[in-house]
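Chemist:
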Amino acid sequence: MFDLEAMLENTNAAVLTRVTKGKRAARLLDMGCGTGATARYAVQHQYADKVCGISLSATQVEQAIDLSRTAGLAKQNSFARMDFHDTPLPSTTFDGAYAIESACHSPEPDKHADHKSERHPNRASQIQAQAGRCEMHEQ
Numbered sequence: 002m003f004d005l006e007a008m009l010e011n012t013n014a015a016v017l018t019r020v021t022k023g024k025r026a027a028r029l030l031d032m033g034c035g036t037g038a039t040a041r042y043a044v045q046h047q048y049a050d051k052v053c054g055i056s057l058s059a060t061q062v063e064q065a066i067d068l069s070r071t072a073g074l075a076k077q078n079s080f081a082r083m084d085f086h087d088t089p090l091p092s093t094t095f096d097g098a099y100a101i102e103s104a105c106h107s108p109e110p111d112k113h114a115d116h117k118s119e120r121h122p123n124r125a126s127q128i129q130a131q132a133g134r135c136e137m138h139e140q
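Take this note's numbering: the final residue in the sequence shown is number 140, and no numbers are missing along the way.
1) In three-state terms, what does DSSP make of residue 1?
2) Could you check if residue 82 is buried or exposed, using at least 16 other CB atoms within 10 Å of its CB as the buried criterion?
3) Using DSSP bridges, identify the partner residues of residue 81.
4) Classify residue 4 as buried or exposed, calling it buried when 16 or more other Cβ atoms lie within 10 Å of its own Cβ.
5) Just reading off the alpha helix (DSSP H) that residue 2 is part of, what are its end residues?
6) Should the stretch 61-78 be called in touch with the stretch 13-30, which here means at least 3 C-beta pairs below 8 Å?
7) Secondary structure at residue 25, three-state DSSP: helix, strand or coil?
8) In the DSSP assignment, the beta strand (DSSP E) including residue 100 goes from what residue to what residue?
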């Protein structure tokens, strides 16, 4: 029998283990956070003390904030509406970054390349270079 919840939890655990190298991170960046499920999972399962999630969708950011507040994680999770290709967040703020099911929605011509785009420097690439570890996961 197919168990979607178990599959999502297994994906979260695998990605977070790789991005944190098996050590608890002080702060992670969730690039394309959706409604914040992975950010909440990261804090609840002690992969990180804090997670900042960013999304282009104002509706998803509002839902992520509400769901984290309901789960008692408002101080550990923060969310903002912004593009992970062009974020003003300082690169040195994070111990690692991840994107799960996010790059496929990216407008960038080469979504997985670690380079500067024609529009502007790819901030996701800069953040991952500074953070030392970035995981991109698409299914």
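Glycine included, each C-beta is placed from N, C-alpha and C at the ideal position. Quick caveat: nothing in here was measured; it's all calculated off a predicted structure.
Modeler: So, from the listed chains and residues:
1) The requested residue 1 is not part of the displayed model; the chain covers only 2 to 140.
2) Burial call: exposed.
3) Answer is 55, bridged to residue 81.
4) It counts as exposed.
5) Here residue 2 belongs to no alpha helix (DSSP H), and DSSP marks it neither H nor E.
6) Not touching, per the Cβ criterion.
7) Note: residue 25 maps to coil in three-state DSSP.
8) 97-101 is the extent of the beta strand (DSSP E) around residue 100.
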